[in-house]
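Since the structure comes first, as C-alpha coordinates, the remarks are kept for the end.
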(Lines of atoms letter the chains of each structure in order from A; the text may use other names.)
(Lines give C-alpha, C1' and ligand atoms only; values in the text may rest on other atoms or scores of the structure.)
Protein backbone atom coordinates (compact mmCIF):
# COMPACT_ATOMS: atom_id res chain seq x y z
CA UNK A 3 0.00 0.00 0.00
CA UNK A 4 1.39 3.40 -1.01
CA UNK A 5 1.32 6.06 1.65
CA UNK A 6 0.77 9.70 0.64
CA UNK A 7 1.89 12.47 2.95
CA UNK A 8 -0.41 15.35 3.85
CA UNK A 9 1.87 17.83 2.08
CA UNK A 10 1.85 15.74 -1.14
CA UNK A 11 -1.94 15.53 -1.02
CA UNK A 12 -2.26 19.27 -0.39
CA UNK A 13 0.11 20.04 -3.27
CA UNK A 14 -1.91 17.81 -5.60
CA UNK A 15 -5.19 19.48 -4.64
CA UNK A 16 -3.70 22.97 -5.10
CA UNK A 17 -2.28 21.99 -8.50
CA UNK A 18 -5.64 20.71 -9.72
CA UNK A 19 -7.48 23.77 -8.37
CA UNK A 20 -5.04 26.17 -10.05
CA UNK A 21 -5.35 24.24 -13.28
CA UNK A 22 -9.12 24.60 -13.19
CA UNK A 23 -8.93 28.27 -12.27
CA UNK A 24 -6.28 29.30 -14.81
CA UNK A 25 -6.87 27.00 -17.77
CA UNK A 26 -10.55 26.13 -17.79
CA UNK A 27 -12.03 29.66 -18.03
CA UNK A 28 -10.67 30.17 -21.54
CA UNK A 29 -12.14 26.93 -22.75
CA UNK A 30 -15.32 26.45 -20.77
CA UNK A 31 -18.61 28.22 -21.09
CA UNK A 32 -21.10 28.23 -18.26
CA UNK A 33 -24.15 28.57 -20.45
CA UNK A 34 -24.78 29.30 -24.11
CA UNK A 35 -27.23 32.13 -24.56
CA UNK A 36 -28.53 33.66 -27.76
CA UNK A 37 -30.07 36.71 -26.08
CA UNK A 38 -28.50 39.01 -23.51
CA UNK A 39 -29.39 38.51 -19.87
CA UNK A 40 -31.34 41.46 -18.47
CA UNK A 41 -29.34 43.60 -16.07
CA UNK A 42 -31.29 43.44 -12.83
CA UNK A 43 -28.59 43.75 -10.20
CA UNK A 44 -29.49 45.43 -6.94
CA UNK A 45 -26.17 46.36 -5.35
CA UNK A 46 -25.90 46.82 -1.61
CA UNK A 47 -23.20 47.65 0.88
CA UNK A 48 -22.55 44.43 2.77
CA UNK A 49 -20.32 46.17 5.30
CA UNK A 50 -18.48 49.47 5.59
CA UNK A 51 -15.54 50.54 7.75
CA UNK A 52 -13.31 53.61 7.87
CA UNK A 53 -11.04 52.69 4.93
CA UNK A 54 -12.82 49.87 3.09
CA UNK A 55 -16.24 48.47 2.20
CA UNK A 56 -17.72 45.31 0.70
CA UNK A 57 -20.26 45.71 -2.11
CA UNK A 58 -22.38 42.74 -3.16
CA UNK A 59 -25.09 42.09 -5.74
CA UNK A 60 -26.92 39.19 -7.36
CA UNK A 61 -27.70 38.88 -11.07
CA UNK A 62 -29.16 36.21 -13.30
CA UNK A 63 -26.37 33.85 -14.35
CA UNK A 64 -24.70 35.80 -17.19
CA UNK A 65 -23.31 32.75 -19.01
CA UNK A 66 -20.09 32.97 -20.97
CA UNK A 67 -16.79 31.98 -19.42
CA UNK A 68 -16.70 30.17 -16.07
CA UNK A 69 -14.47 32.88 -14.58
CA UNK A 70 -16.04 36.34 -14.22
CA UNK A 71 -14.97 39.53 -12.48
CA UNK A 72 -17.26 41.65 -10.35
CA UNK A 73 -16.43 45.31 -11.01
CA UNK A 74 -17.22 48.35 -8.85
CA UNK A 75 -16.52 51.79 -10.31
CA UNK A 76 -16.51 54.45 -7.60
CA UNK A 77 -15.50 57.95 -6.60
CA UNK A 78 -16.51 60.92 -4.45
CA UNK A 79 -18.42 62.58 -7.33
CA UNK A 80 -21.40 60.67 -8.82
CA UNK A 81 -20.46 62.00 -12.28
CA UNK A 82 -16.83 60.83 -12.06
CA UNK A 83 -16.58 57.20 -10.98
CA UNK A 84 -12.93 56.99 -11.98
CA UNK A 85 -11.64 54.36 -9.52
CA UNK A 86 -12.18 50.65 -10.12
CA UNK A 87 -12.14 47.61 -7.83
CA UNK A 88 -12.47 44.04 -9.17
CA UNK A 89 -12.85 40.59 -7.71
CA UNK A 90 -12.84 37.20 -9.49
CA UNK A 91 -15.86 34.90 -9.18
CA UNK A 92 -16.59 31.53 -10.75
CA UNK A 93 -19.99 30.78 -12.25
CA UNK A 94 -21.83 27.65 -11.22
CA UNK A 95 -23.68 26.63 -14.42
CA UNK A 96 -26.24 24.73 -12.33
CA UNK A 97 -27.40 27.93 -10.58
CA UNK A 98 -29.72 30.46 -12.18
CA UNK A 99 -28.25 33.37 -10.17
CA UNK A 100 -24.75 34.62 -9.52
CA UNK A 101 -23.56 36.55 -6.47
CA UNK A 102 -20.73 39.06 -6.86
CA UNK A 103 -18.80 40.50 -3.90
CA UNK A 104 -16.10 43.14 -4.27
CA UNK A 105 -13.84 44.74 -1.65
CA UNK A 106 -13.34 48.48 -2.16
CA UNK A 107 -10.12 49.55 -0.42
CA UNK A 108 -8.00 52.63 0.35
CA UNK A 109 -11.02 54.80 1.21
CA UNK A 110 -10.96 57.97 3.29
CA UNK A 111 -12.71 57.91 6.69
CA UNK A 112 -15.98 59.84 6.99
CA UNK A 113 -16.32 60.26 3.21
CA UNK A 114 -19.33 59.68 0.93
CA UNK A 115 -18.60 57.51 -2.11
CA UNK A 116 -20.77 56.89 -5.15
CA UNK A 117 -20.57 53.62 -7.07
CA UNK A 118 -22.04 51.44 -9.80
CA UNK A 119 -21.53 47.74 -10.41
CA UNK A 120 -20.92 45.59 -13.47
CA UNK A 121 -19.21 42.35 -14.38
CA UNK A 122 -17.09 41.00 -17.18
CA UNK A 123 -16.05 37.60 -18.43
CA UNK A 124 -12.46 36.33 -18.25
CA UNK A 125 -12.06 37.09 -21.96
CA UNK A 126 -12.98 40.76 -21.40
CA UNK A 127 -16.57 40.62 -22.70
CA UNK A 128 -18.81 42.85 -20.56
CA UNK A 129 -22.03 41.46 -19.10
CA UNK A 130 -25.23 43.54 -19.21
CA UNK A 131 -25.14 45.98 -16.29
CA UNK A 132 -27.57 48.34 -14.57
CA UNK A 133 -26.94 52.09 -14.83
CA UNK A 134 -27.88 52.76 -11.19
CA UNK A 135 -25.45 54.85 -9.11
CA UNK A 136 -25.63 54.11 -5.38
CA UNK A 137 -23.77 55.61 -2.43
CA UNK A 138 -22.32 54.88 1.00
CA UNK A 139 -20.37 56.80 3.63
CA UNK A 140 -17.32 55.37 5.35
CA UNK A 141 -17.13 55.49 9.12
CA UNK A 142 -15.05 58.18 10.75
CA UNK A 143 -11.77 57.31 12.50
CA UNK A 144 -13.30 58.41 15.84
CA UNK A 145 -16.24 56.04 15.37
CA UNK A 146 -13.88 53.13 14.63
CA UNK A 147 -11.66 53.90 17.65
CA UNK A 148 -14.67 54.06 19.98
CA UNK A 149 -15.64 50.49 19.08
CA UNK A 150 -12.26 49.01 20.08
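In my numbering, the protein residues as written are 3 to 150. The C-beta atom is built at its ideal place from N, Cα and C for all residues, glycine as well.
- Looking at the backbone, the Cα of residue 95 and that of residue 66 are separated by about 10 Å.
- Contact annotation: the segment 66 to 79 touches the segment 103 to 122, with at least three C-beta pairs closer than 8 Å.
- In the DSSP assignment, the residues bridged to residue 122 are 71, 128.
- For residue 133, the secondary structure class from DSSP, reduced to helix, strand or coil, is coil.
- The C-beta separation of residue 110 from residue 54 comes to about 11 Å, leaving the pair out of contact by the 8 Å criterion.
- Residue pairing by DSSP places residue 87 opposite 74 in a beta bridge.
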